[in-house]
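Going left to right, the sequence shown walks through residues 1323 to 1662 as the numbering used here numbers them.
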Amino acid sequence: MPVFARLIAPLLLAVVTLSGCATSTHLGRSALSRVAGRTYVLVGASSGFGQGTAIRLGELKANVVLAARRTDLLEEVAGKVRAAGGQALVVTTDAARPEQMEALAQAATSRFGRIDVWMNIAGVGAVGRFWDVPVADYSRIVDVNLKGVIYGSHVALRRFMAQGHGTLVNMGSVEAEVPLAYHATYAATKAGVLSLGRSLNEELRHAGRARTIKVATVMPWAVDTPFFQNTANYSGHADRMILMDGPEKVVQALVWVSLHPREELPVGWKAQMASTAHRFAPDLTETLAADIHRGELEKGTPTPATSGSVHTPTERGRGIEGGIRARRKAENAAYKAKEE
């Protein structure tokens, strides 16, 4: 960790301690029993958070509508949902195509009669200096991460308004509040998702629907999922971050917030720490985050330039976890040995 980071980290931790602890997302049996029979639409269900949440919802006997680009992988996940005790429907969907998002909603309601929870989880990213990443990649990132969330939110809220209830869950990131160097456009899209959720909640309040229709933005820290395997990369090194969380923490938060909606949910103490520190010292927090990320990239495995899965799905990253923490451990050992 850079000297600057070592010096300032205790101060930021003290700020968070004074501001309060992170919200617990533990669910008791009575809350979990409420999932059974509810219909969840998961956009981005093929791997990572989406796959983990789908399987967990299956264990809780939910109806799960699985949407993503990789049909074969969705069918595998659907099999796991059914084996766990839930019902599953596969709808191949590109989140950046509004007509496909509308077709997804129609398929869900045709099969299960209603949609109780809609989750916009799909996301792509690029790592590298802003001027080194092709603009075509940036265009696609905006299409999926921001426009896709707008499309999904639009079709979900229209149905919620018609049926009188529903919960919309959008996947944000701590980067929505603490923009991260070398993730510039990804961070910008997540800031847009956060702003969208805040605006929608106010409109629902004005419409007199705030008690029955909820919009939540979930904001995790860096998490060990296939996202880091499939991101576009023009940095020269494999992407990584310190203190990465396991995907199970975010899966639990997604299920929790579907039953206890809140406008914004930073997941875990690290996300809460970053969010709170940014409110007290925004420039300092952004400088610290940028320095840490640059230091992490320098230790990453040398990697050729790639557009990853931004434009076309890849065969890599078919699970919930990405193996990034194990890779990081090996990279750290190799980097230390090289320095010695």
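Idealized CB from N, CA, C, for every residue including glycine.
- The beta-bridge partner set that DSSP reports for Gly-1488 consists of Ile-1535.
- Contact annotation: the region 1520 to 1534 does not touch the region 1562 to 1574, with fewer than three C-beta pairs closer than 8 Å.
- In the displayed model, Tyr-1556 falls within coil according to three-state DSSP, outside both helix and strand.
- According to DSSP, residue pairing for Gln-1409 in a beta bridge involves Asn-1385.
- A direct Cα-Cα distance of roughly 22 Å separates Met-1441 from His-1633.
- Excluding sequence positions up to five before and after Asp-1459, its CB lies within less than 7 Å of the CB of Ala-1448, Ala-1554, Ser-1629 and Val-1632, all in the same chain and listed in chain order.
- In the three-state DSSP reduction, Leu-1396 falls in the helix class (H, G or I).
- Inclusion of Leu-1502 and Ala-1627 in the CB contact set at 8 Å is not warranted, their separation being larger than that value.
- Taking a contact to require three or more Cβ pairs closer than 8 Å, the region 1429 to 1440 and the region 1351 to 1364 qualify as touching.
- Shortest Cα-Cα distance from Leu-1354 to any of Pro-1604, Ala-1384, Ala-1367 and Val-1572 involves Ala-1384.
- Scanning the region 1449 to 1512 from its first residue to its last, the whole alpha helix (DSSP H) runs of 4-plus residues come out as 1457 to 1464 and 1470 to 1485.
- Apart from sequence neighbours up to five positions away, the residues of its chain that approach Gly-1486 with a beta-carbon distance below 7 Å are Thr-1534, ordered along the chain.
- For Gln-1422, the CB contacts under 7 Å within the same chain, skipping 5 residues up- and downstream, are Thr-1415 and Asp-1416 in chain order.
- In the three-state scheme derived from DSSP, where H, G and I count as helix and E and B as strand, Met-1563 is classed as coil.
- Non-local C-beta neighbours of Ala-1400 in its own chain, meaning closer than 7 Å and more than five positions away in sequence, comprise Leu-1388, Ala-1410 and Val-1412, ordered along the chain.
- As summarised for the region 1596 to 1645, the continuous alpha helix (DSSP H) elements at least 4 residues long and confined to that stretch are 1604 to 1621, given in chain order.
- Under the 10 Å beta carbon count, His-1505 is surrounded by 16 or more other beta carbons and is classified as buried.
- A Cβ-Cβ distance of about 4 Å is found for the pair Thr-1547 and Gly-1370, placing them in contact under the 8 Å criterion.
- Pro-1569 carries a helical assignment under DSSP once its states are collapsed to helix, strand and coil.
- Within the same chain, and ignoring the five residues on either side of Tyr-1556 in sequence, the residues whose Cβ sits closer than 6 Å to its Cβ are Gly-1450, Asp-1454, Val-1455 and Ala-1627.
- The C-alpha of Arg-1404 is placed about 10 Å away from the C-alpha of Glu-1398.
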